[in-house]
């Protein structure tokens, strides 16, 4: 029996959110390489869910951390900070003793 049910549950939720963030990254890169692509059908439902879950924290981080401009490229540091924070929180959640 797993004694650290809270930590395991929190770690699972954070892992699922990490997967959603990877989905956001994939959707964003598809739109970078194919500007006229728009999801349709079931993929539209998945994309809407992914963007609905990731937009609020990303918007909050983007207010605090502006994109890093490298010539014509803007590196979204908010996304990097969010994915790093989720990874670190997941490793701490696994250590919760209750």
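In the working numbering, the protein residues as written are 3 to 100.
We put the CB at the ideal spot given by N, CA and C, even for glycine.
- Kindly indicate the opening and closing residues of the alpha helix (DSSP H) around residue 37. Unbroken run through residue 37: none, as it is neither H nor E.
- At what residues does the alpha helix (DSSP H) containing residue 95 begin and finish? Unbroken alpha helix (DSSP H) run through residue 95: 79-95.
- Query: Sorted by chain position, which residues of the same chain lie with C-beta nearer than 6 Å to residue 41's C-beta, five sequence neighbours on each side aside?
  - Reply: Answer for residue 41: 49, listed in chain order.
- Would you grab the beta carbon distance between residue 20 and residue 52 for me? Rounded to a whole angstrom, and I think it's under 8 Å. Between residue 52 and residue 20 the Cβ distance is about 12 Å, and since that is not below 8 Å, they are no contact.
- Query: In terms of alpha-carbon separation, which member of 45, 38, 36, 26 lies closest to residue 58?
  - Reply: The shortest C-alpha to C-alpha distance from residue 58 to any of 45, 38, 36, 26 is the one to 26.
- Between the segment 8-18 and the segment 76-84, are three or more C-beta pairs nearer than 8 Å? Touching, no, given that fewer than three Cβ pairs across the two stretches are closer than 8 Å.
- Query: Between residue 78 and the rest of its own chain, which residues show a CB-CB distance below 6 Å, the 5 nearest in sequence each way excluded?
  - Reply: Closer than 6 Å at Cβ, skipping near neighbours: 69.
- Message: Going by beta-carbon coordinates alone, are residue 91 and residue 18 separated by less than 7 Å?
- Response: No, Cβ-Cβ distance for residue 91 and residue 18 is not below 7 Å.
- Who are the Cβ neighbours of residue 32 in its own chain at under 8 Å, not counting the five residues just before and after it? These residues qualify, in order along the chain: 39.
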